[in-house]
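Right, one structure below, let's go through it.
In this note's numbering, the protein residues as written are 1225 to 1464.
Right, dumping it as structure tokens:
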């Protein structure tokens, strides 16, 4: 069952999320020597990453992966890598060799192919197939998309063993992107989804309803999903 936590405002969401990420990856890296963490871009997670940068000790045993990327150069202002570098990676002093970025500048197909290879080489695979990430941090769009998996997208119909996909028809600019597959999101040990603001409220309501391709977030494995929202984005039945 999905674990839902509602906080007073966006800052409280970021504080709660940063603490939860640090706790989970710190525990895993202490037990196993390494933790695999995948991060998303977007406005909601950015403040979380800024606060997480203060937990640099917990990040020392962490390998950083990406949930999705825009097909732009890494220094482009639309790049998820640039956002992560500015808000977390540089401030926390994460070693460059522990950061595995999606090479958006290669285009959706070649970038996805190379990232699938890197992920399969770097992360333990379940039954020899899908890599199993320890924690994936996701935002959610007002349309219910997660990573770069948009409502009704052909990417949602990818093969069960698909790891990383090229996207050419994103309804949000830029149209070309790279994304982890739904299968990889569902294979993760945990997913943490963050949502703030009233524009996300309907998407959160829909996500917690019946699973549907029209709301990709609803297709995540709910028993492995934690959701942190502010009061404005909370499901109708739990709003103050």
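Beta carbons are placed, not taken as given, at the ideal position from N, Cα and C, and that holds for glycine.
Worksheet item: How many angstroms separate the CA atom of residue 1243 from the CA atom of residue 1277?
Response: 11 Å
Worksheet item: How many angstroms separate the CA atom of residue 1404 from the CA atom of residue 1339?
Response: 9 Å
Item to complete: For residue 1432, name the three-state secondary structure that DSSP assigns.
Response: coil
Fill in: Status (buried if at least 16 other CB within 10 Å, exposed otherwise) for residue 1440
buried
Practice prompt. Can you give me the start and stop residues for the beta strand (DSSP E) that residue 1390 sits inside?
Written response: 1388-1391
Item to complete: Check the DSSP bridge columns for residue 1293 and list the partner residues they point to.
Response: Bridge partners of residue 1293: 1402.
Discussion item. Can you check which of these residues, 1232, 1233, 1409, is closest to residue 1443 by C-alpha distance?
Written reply: Out of 1232, 1233, 1409, 1409 has the C-alpha closest to the C-alpha of residue 1443.
Discussion item. With three or more C-beta pairs closer than 8 Å as the rule, is the stretch 1295-1302 touching the stretch 1372-1386?
Written reply: no
Worksheet item: Between the C-alpha atoms of residue 1382 and residue 1333, what's the straight-line distance to the nearest angstrom?
Response: Their backbone Cα atoms lie some 14 Å apart in a straight line.
Discussion item. Going by C-alpha to C-alpha distance, which of 1416, 1386, 1233, 1455 sits closest to residue 1425?
Written reply: Checked all of 1416, 1386, 1233, 1455; the closest Cα to residue 1425 is 1455.
Worksheet item: What is the DSSP secondary structure of residue 1264, counted as helix, strand or coil?
Response: Coil, per DSSP.
Discussion item. Quick check: what's the CA-CA separation for residue 1226 versus residue 1431?
Written reply: 10 Å
Worksheet entry | The beta strand (DSSP E) enclosing residue 1300, as first and last residue numbers | Unbroken run through residue 1300: none, as it is neither H nor E.
Worksheet item: At which residues does the beta strand (DSSP E) containing residue 1372 begin and terminate?
Response: That residue, residue 1372, is in no beta strand (DSSP E); it is neither H nor E in DSSP.
Discussion item. Less than 7 Å between the C-beta atoms of residue 1438 and residue 1347, yes or no?
Written reply: no
Worksheet item: Of all the options 1266, 1293, 1359, which has the alpha carbon lying nearest to the alpha carbon of residue 1250?
Response: Out of 1266, 1293, 1359, 1359 has the C-alpha closest to the C-alpha of residue 1250.
Discussion item. Tell me the DSSP secondary structure of residue 1252 in three-state form.
Written reply: helix
Worksheet item: Is residue 1440 near the ligand GDP, in the sense that its beta carbon is under 6 Å from a heavy atom of that ligand?
Response: Annotation note on the ligand GDP: not contained in the displayed structure, which lists no ligands.
Item to complete: Under 8 Å by Cβ, that's how I've got residue 1172 and residue 1303 pegged, so tell me the actual separation to the nearest angstrom.
Response: With the chain covering only 1225 through 1464, there is no way to say anything about residue 1172.
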